[in-house]
Amino acid sequence: MEVCSCPLGNARHNWGVREASGTTGVCGRPAAQTAALTRRTRDFHRPSHRTWFSQLLINRPLRSTWDVKMRERQEKKVLKNLSKQLKDEKQQERQEKKRRREENLRRRLENERKAEIVQMIRNPAKLKHASKKQLRRIEKRDTLMILKTGEKSSQNGTVAPIK
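In the UniProt record's numbering, the protein residues as written are 1 to 163.
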């Protein structure tokens, strides 16, 4: 059996795996890494007799390179812009629908008013004799529009739509 010179010992190696050129030892670790491990895992007497504690490998945190960070940041920026653009388009569509709906409602009301046949009540005393059903149908409106069309009437305008 092959014995490795690095401080990890035989138990912690993948014997079949070798790294790129410039490696030393049977385990295939670079020389600098083996030296760093040697410094960290020196065997010395601990008061707790936990010699294995100093032999634990201290791993560096995984870090990404500057280029990878910038690429990810750029991708996030592009995605953010795209999602913002989609949101803006949806909001614009909603506003357009709302505007059209309001316009259609306004136009419908105008057309209803134009299509109505109304009769002006010039004598308000007639309202005293009207039945409840007739009074329900009577509306009070501004009579200026009717006056502009050419009808003569007094200013107190009560309009009864004829249906």
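For every residue, glycine included, the Cβ atom is placed at its ideal position computed from N, Cα and C.
Everything numeric in this text was worked out from a predicted model, so none of it was measured.
Can you tell me whether residue i is helix, strand or coil according to DSSP?
i    : result
Q119 : strand
R108 : helix
Q74  : helix
Q55  : coil
V26  : With a pLDDT of 49 at V26, under the threshold of 50, the modelled position of that residue is not reliable, and the figure given next carries that caveat. DSSP places V26 in coil when its eight states are reduced to three.
S64  : coil
S131 : coil
R101 : helix
R50  : coil
Looking only at C-alpha atoms, which of the options sits nearest to residue i?
i    : options             : result
L135 : T143, P124 and L144 : P124
R122 : S131, T143 and E110 : T143
Per DSSP, what are the beta-bridge partners of residue i in this structure?
i   : result
N96 : Checking the sequence, you will find Glu at residue 96 rather than Asn. In DSSP, E96 forms no bridge with anything.
Exercise. Report yes or no: do three or more beta-carbon pairs, one from the segment 117 to 127 and one from the segment 135 to 144, lie closer than 8 angstroms?
Key: Under the 8 angstroms Cβ criterion, the segment 117 to 127 counts as touching the segment 135 to 144, having at least three qualifying pairs.
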